[in-house]
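Undergrad:
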Amino acid sequence: MLKVIIKTLVLIILFQTLSVAREINIDKLVQQAKSSKKHLFVFLHKTDCGYCDSMIEFTLDDDAVKKMVDTKFLFVHININENDEVSYRDFKGSGKEFAQHVKYNFYPSSLFFDDVGDISYAVPGYRDEKVFNLILHYVDSKSYKKISFRKYTERADFKKKL
Amino acid sequence: MAAIKVKAKLKKGVIKVKAMAKHEMTTYNIAEKKTGDRENANFITHITGTINGKTVFDMSTSQFLSKNPIFKFKIKGDEFKKGDKLLMTFIDRKGKTGKGKGKIK
């Protein structure tokens, strides 16, 4: 009887582990984003991180931010505590290793990839919905190629986009 | 800026509420470590939520909540409609209050 219980428990744990793990191929996602003329937006976060929760529950759940992300970005989240397998160019490893590889192992971090797969803009740390919405407009308009984010926010017309 | 960020959405007769209180939540242990006096502990002790003056949420809390704690709860939305305002208030150990309101969307 004990053996049966142990076997069942092992099977349940194995099934849960397998069902949770995802394969995230950043290069494929970049191509997918490119074909739909979007930026790839990778959100790095971890379990039991207060600022990550605030970002998820308030910033990313904001109506304006949600609309912008849905229409202009291909969104992928990576929880470094989950068993995701991430591949990016020559790299292959866990979510945590990926964050270390791209040198953004601060949580939460928002990474935006351009159409050749480079990180065109990155936002380490928490941002509220108003600032984040502005960042999304900044990335979507590819303004990062011309001016800094600070200069972008100083422009008179940016308020119209909010 | 409001001391509590409030978001409320009405869907299928249920109001889903998310609130984040901005508070340091200094525990007795941290207060002792930082100041040498446990009595300097300060954390939220009570939170209430009202819609149109009616209390819909009332909770006593302790030091075991994180800094800037997030609260999520659901309320039956029969009596309320979109556009009503949810007012949330907290009181901390030192008697300071914080408020925040959000429209039901």
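The listed protein sequences derive, respectively, from chains A and B.
Counted the way my numbering counts, the first sequence spans residues 10 to 171.
Counted the way my numbering counts, the second sequence spans residues 158 to 262.
Think of the CB as a built atom: it goes at the ideal place given N, C-alpha and C, for glycine as much as any other residue.
Interface residues of chain A around B/Ser-223 at Cβ under 8 Å?
TA: Simply Gly-59.
Undergrad: Any heavy atom of the ligand NAP inside 7 Å of the beta-carbon of A/Lys-43?
TA: Absence of the ligand NAP from the depicted structure is noted, as is the absence of any ligand whatsoever, leaving it without description.
Undergrad: I'd like the list of long-range same chain contacts for B/Phe-230, defined as Cβ closer than 7 Å, with 5 residues on each side in sequence excluded.
TA: Within the same chain, B/Phe-230 has close Cβ partners Val-174 and Phe-214.
Undergrad: Pull out every residue of the stretch 169 to 195 of chain B whose Cβ sits closer than 7 Å to any Cβ of chain A, in chain order.
TA: So the list reads Lys-175 and Met-177, given in the order they occur along the chain.
Undergrad: Is the distance from the Cβ of A/Leu-83 to the Cβ of A/Leu-38 below 8 Å?
TA: Closer than 8 Å, so yes.
Undergrad: Any idea what DSSP makes of B/His-180, helix, strand or coil?
TA: Residue state, collapsed to three classes: coil.
Undergrad: Would A/Asp-62 count as contacting chain B if we go by Cβ distances under 8 Å?
TA: So, interface residue.
Undergrad: For chain A, check one thing: does any of its Cβ atoms lie closer than 8 Å to the Cβ of B/Lys-256?
TA: Chain A contact via Cβ: absent.
Undergrad: Taking 8 Å as the CB-CB cut-off, is B/Lys-164 touching chain A?
TA: With 8 Å as the cut-off, B/Lys-164 counts as an interface residue toward chain A.
Undergrad: Hey, A/His-48 and A/Phe-158: beta-carbon distance below 8 Å or not?
TA: No.
Undergrad: Please confirm whether B/Ile-201 has its beta-carbon closer than 8 Å to some beta-carbon of chain A.
TA: Chain A contact via Cβ: absent.
Undergrad: So for A/Ala-30, helix, strand or coil by DSSP?
TA: Three-state result, A/Ala-30: coil.
Undergrad: Under 8 Å between the Cβ atoms of B/Ile-261 and B/Phe-237?
TA: Result yes, Cβ atoms of B/Ile-261 and B/Phe-237 sit closer than 8 Å.
Undergrad: Would the beta-carbon of A/His-54 fall within 8 Å of that of A/His-86?
TA: A contact, by the Cβ cut-off of 8 Å.
Undergrad: In terms of residue numbering, what span does the beta strand (DSSP E) encompassing A/Val-95 cover?
TA: Here the beta strand (DSSP E) through A/Val-95 covers 94 to 97.
Undergrad: Under 8 Å, do B/Val-163 and B/Gly-257 count as touching if we go by C-beta distance?
TA: Their beta carbons are under 8 Å apart, which means B/Val-163 touches B/Gly-257 by this criterion.
Undergrad: Tell me, which residues are paired with A/Ile-87 by DSSP?
TA: For A/Ile-87, which the question treats as bridged, DSSP gives the partners A/Leu-53.
Undergrad: Answer yes if the stretch 74 to 83 of chain A comes into contact with the stretch 136 to 146 of chain A, meaning at least three C-beta pairs across the two stretches below 8 Å, and no otherwise.
TA: In short, these stretches touch, since the Cβ pair count reaches three.
Undergrad: Can B/Ala-188 and B/Gly-255 be called in contact, C-beta distance under 8 Å?
TA: Cβ atoms of B/Ala-188 and B/Gly-255: not closer than 8 Å.
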